[in-house]
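There are 2 protein chains.
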Amino acid sequence: MERRQPVDSLVSVPVPVNPDKMKRYEKFADEIAALIRTGVLAPGQKVPSVRHASRTYGVSPSTVFQAYYLLESRGLILARARSGYFVRELAKRPLSEPGISARQAQTSAVDVSELVFSVLGSLKDPDTVPFGSAFPSPDLFPLARLARSMAHGVRGLSPHAVIADMTEGNADLRRQIALRYMVSGVMLPLEELVISTGAMEALNLCLQCVTRPGDLVAIEAPAFYATLQVLERLELKAVEIPVHPREGIDLASLEDSLRELPIKACWFMSSLQNPLGASMDDDKKRALYELLQRHQVPLIEDDVYAELYFGTQPPRPVKSFDREGLVMHCGSFSKCLAPGYRIGWVAGGRYAEQIRRLKLMTTISPSVPAQAAIADYLQHGGYDRHLRKLRHALESQQASMLASAARHFPASTRVTRPSGGYFLWFEFPEQVDSLQLFQLALAQGISLAPGPIFSATRRFRNCARLNYGHPWDAQSERAMEVLGRIIASF
Amino acid sequence: MERRQPVDSLVSVPVPVNPDKMKRYEKFADEIAALIRTGVLAPGQKVPSVRHASRTYGVSPSTVFQAYYLLESRGLILARARSGYFVRELAKRPLSEPGISARQAQTSAVDVSELVFSVLGSLKDPDTVPFGSAFPSPDLFPLARLARSMAHGVRGLSPHAVIADMTEGNADLRRQIALRYMVSGVMLPLEELVISTGAMEALNLCLQCVTRPGDLVAIEAPAFYATLQVLERLELKAVEIPVHPREGIDLASLEDSLRELPIKACWFMSSLQNPLGASMDDDKKRALYELLQRHQVPLIEDDVYAELYFGTQPPRPVKSFDREGLVMHCGSFSKCLAPGYRIGWVAGGRYAEQIRRLKLMTTISPSVPAQAAIADYLQHGGYDRHLRKLRHALESQQASMLASAARHFPASTRVTRPSGGYFLWFEFPEQVDSLQLFQLALAQGISLAPGPIFSATRRFRNCARLNYGHPWDAQSERAMEVLGRIIASF
């Protein structure tokens, strides 16, 4: 017989980010990694010697040793015989970063779905190098451990729950999600939480909740292509707001649009934006909230990459500043734990009840066994350990792709340096047509996501999103070389 | 390592209805049960003696004995000491059947969702007698066996499939479903099949595929309340077509409406209609198809109760007459195998590709492990054996509720006699207000589904749907008695 955990044992549940549970050397490694990422330690530079580091930072020499081994395995530093460790020479001439996207004609009907489907269709072949994929490699997920949680969770389901959980969602799962909000500074009443069939359903429901056909919705430029497809499907019009590749959306531009246009909702990714990887800082997030609050425009916050930050500091959602239920915060386990399980959620603020009803009228409920499996995994599976491993893998793969791009792509190529996620956004020389590039690359067995699918107005002709979510190997390197040659041929 | 089954071994997979696999005595019992259901053997009448039956039907005496034991355990016949078996006296004065619903003003905007939610909200309390429920008792499902299939299925999932199955659906599951179509006479190209998050998602997608806000959709009167909610949500207008409680929709009336109105789609349940339980016969289904084909109006065929027929002859879907892909046939495992797993499908005809795309834009995919679990169960779990048991349980429970209603409800009450499913539709005397009845019954711990939630125009004021999908016991009997008293008080 399964027993419910008493409520007061909740505090012992593992929490999203708890550096205290990391080993000392892991913490130290992360600190050094942050110095490398932010450029304090430049490529080619020697990292402090073990003796020096041990004295300076007050850690034991063996901690420093272990940290350096870890950083080496992550591909960030390199041992040179008899000289110590050096920051990996990622590139002789690292590519520079792109600028902010331009402001745009005011509103646009969306008609990009056909194009998106033709691109997505190309991803089916498992032998294609998956730079165009929307998912990280499934090999990065604890699928076997999840399968155990599934077997355990589904055995423990009462016949009553199989039906009752369809309306309310799995109680343990809801509690676990609310706990993770609590740790990240959001005190979430359980009633606000609606479990959904992945974040995609949640985002759809949120949008339907606050708009009607013909309404204007502010989105990012570039935006995740599914955002555009959903707008198209619901016959909504897009107001494209420029996004800075590091700092996120341009608030001044948004403010102008809010003043001039009857915008009914904003759909933004405030952290690790897809495709740019931009994350707004806390001040900017607060300012965004206050702006929307003044205009009483709801925010649909698409935060599906929240867990994939590099370093030790999780990004804070705009939702954490929300005092009046104006933010619908959508999350998911699909990109960080359990692809294919199709479990997401929305913390729906003042719209929660309406969202729940819309859900009952469309899919009724996400799969009850999948909810039970994830609830079990969150309690017993070692989620935070998995996440740390996943983040490190992604960080190291990003470094590899950046280095490879610097080796093989034209020097005038620009590229983002996101602090998390698994996408790089490339801005190629003007004459490169990424739709053509897409076709030529596909003929060589390489997929990529061409720029125009990220825009209601088919902009970003010379841009592309590349996925570094797969373990880097000789095939990846060769694929970058081939891409480089095709790009140069334009 | 799992190996794919070679294609030519498909024929050995268990098929939906295969009376040859039933034991001889089970077949014989079903034949006698059919005689009872159709009134050839009337309540109180003696069934043929063992010797007589053995001679007449050419079966061994022990087969007859076993069949009679089975019929006794199903509550259809009763042994009287030293006199043999008699058809159970279901009621001294069985209630009569209701007539066809009246024709209605032409079209109506739908505004019933609030009412439906307030009724559904009442079902949450597990101590309430669940006559208002939309599901059969979860105790009737092979949940433990399904859990084993889940554990097995999810262990066998390749990392590649976890992501790839989101686009295409689980290949084994698709094949198993197509096989069941084949056996029921529909040769279904696999490309037509879209796996969905329950039938509810499939129905939503079908409707969105062929309508735009403001369009007219022909539905049944009375109709399943979720149909009304979906129409309301999508801002579609209802054209209510009368339904005969035995023979299904009135084709003459439908023909008039098709001629007079720009109807964009029909959403019908041609077999075991909810709430009436009506099933159209094959000729009528063919005529319906030909009518729609002449008008080139697509049919969304909601067939979620297909597996819950009584007797040995599965109802044939309208889809089986479809020669040009005009019928979108929606099915589900939620009512007959795996509630809460949320796996349904649509055989989408000429609309399949568009439906698949809509699905990718809304929920992306139903849960991949749940698909694997059901695929495994269909291959190894004994689905047809389970279905036979389930049908027999429902048939016996229907007899119990009918008998109880005849004992406790006013003699002028009318009630349907569906040949499957788990709902009875009651038409009470004129002065009964079923919304009031609903409130009064709820106060006594009994739920029911009042008539007006089954109509866009809030008709059927003196009607209600009662669920007999739960094992019949003393509490059920008492609840019927209480309902009878409340009804009499009007």
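Chains A and B, in that order, are what the protein sequence lines are. Heads up: the first sequence at position 368 corresponds to 368 in full-length UniProt numbering, and the numbers run straight through without jumps. Heads up: the second sequence at position 117 corresponds to 117 in full-length UniProt numbering, and the numbers run straight through without jumps. For each residue, glycine too, the CB sits at the ideal point set by N, CA and C.
Under a 10 Å Cβ-count criterion, MET187(A) is classified as exposed, with fewer than 16 other Cβ atoms of the shown protein chains found around its own Cβ.
Judged by DSSP secondary structure, ILE177(A) falls within the alpha helix (DSSP H) whose first and last residues are 171–183. Your pair GLY340(A) and ILE163(B) checks out as a contact, with CB atoms roughly 6 Å apart and the cut at 8 Å. In this chain, VAL482(A) is not harboured by any beta strand (DSSP E); it is covered by the alpha helix (DSSP H) spanning 474–488. A distance below 8 Å separates the beta carbons of LEU466(A) and PHE426(A). One thing to note: LYS27(A) has its Cβ no nearer than 8 Å to the Cβ of SER108(A).
Taking 8 Å as the cut-off, the beta carbon of LYS284(B) is found no closer than this to the beta carbon of VAL217(B). Per the C-alpha coordinates, the member of LEU258(B), ARG259(B), VAL243(B), ILE300(B) positioned closest to SER279(B) is VAL243(B). The stretch 393–409 of chain B makes no contact with the stretch 174–189 of chain B: fewer than 3 CB pairs, one atom from each, lie closer than 8 Å. Counting other Cβ atoms within 10 Å of its Cβ, PRO450(A) reaches 16 or more and is therefore classed as buried. Listed in chain order, the non-local C-beta contacts of LEU115(B) below 6 Å within the same chain comprise ILE453, local neighbours out to five positions each way being set aside.
Here GLN431(A) is exposed, its C-beta having fewer than 16 other C-beta atoms within 10 Å. For TYR305(B), there are no C-beta contacts with chain A under 8 Å, since the nearest C-beta of that chain is about 16 Å from it.
Using a Cβ-Cβ distance cut-off of 8 Å, the stretch 314–321 of chain A and the stretch 286–296 of chain A are in contact, since at least three pairs of beta carbons, one from each stretch, lie closer than that value. The criterion of a C-beta distance shorter than 8 Å is satisfied by GLU307(B) and LEU387(B).
For CYS463(B), the enclosing beta strand (DSSP E) begins and ends at 463–467. In terms of Cα proximity to SER73(A), the closest of SER455(A), ALA479(A), GLY39(A), HIS392(A) is HIS392(A). Annotation: the continuous beta strand (DSSP E) that includes GLU301(B) extends over 299–302.
The residues LEU251, in chain order, have a CB closer than 8 Å to that of ALA287(B) in the same chain once the five nearest residues on each side in sequence are set aside. Two segments are said to touch when three or more pairs of C-beta atoms, one from each, lie closer than 8 Å; by this definition the stretch 127–141 of chain A touches the stretch 475–490 of chain A.
Put simply, of SER149(A), ARG246(A), ALA405(A) the residue whose alpha carbon is nearest the alpha carbon of LEU95(A) is ALA405(A).
Residue pairing by DSSP puts CYS330(B) in a beta bridge opposite ASP302(B), VAL346(B). Of the residues assessed, ASP127(A) falls on the exposed side of the cut-off, its CB having fewer than 16 other CB atoms within 10 angstroms. Here the alpha carbon of SER334(B) sits roughly 32 Å from the alpha carbon of GLY382(A). About 20 Å separates the beta carbons of GLY44(B) and GLU97(B), which is beyond the 8 Å limit, so they are not a contact pair. Comparing alpha carbon positions, the residue from PRO142(B), TYR85(B), GLU168(B), GLY99(B) closest to ASP125(A) is GLU168(B).
Comparing alpha carbon positions, the residue from SER158(B), GLU220(B), THR312(B) closest to LYS23(B) is THR312(B). Annotation: Cβ neighbours of ALA226(B) in chain A (cutoff 9 Å, chain order): LEU360, MET361, ILE364. Distance from the CA of ALA375(B) to the CA of ASP111(B), rounded to the nearest whole angstrom, comes to 39 Å. By the Cβ-count criterion, ALA144(B) is exposed, with fewer than 16 other Cβ atoms from all chains shown falling within 10 Å of its own Cβ. The Cβ of TYR341(B) sits closer than 8 Å to at least one Cβ of chain A.
For PHE117(A), the closest of LEU360(B), TYR422(B), ASP322(B) by C-alpha to C-alpha distance is LEU360(B).
Among the CB atoms of chain B, none fall inside 8 Å of the CB of ARG145(A).
At the C-beta level, ALA464(A) and LEU440(A) stay beyond 8 Å of one another. LEU140(A) is the residue among LEU140(A), GLY84(A), PRO48(A) whose C-alpha sits nearest the C-alpha of LEU337(A). SER149(B) and ALA373(B) have their alpha carbons spaced roughly 5 Å apart.
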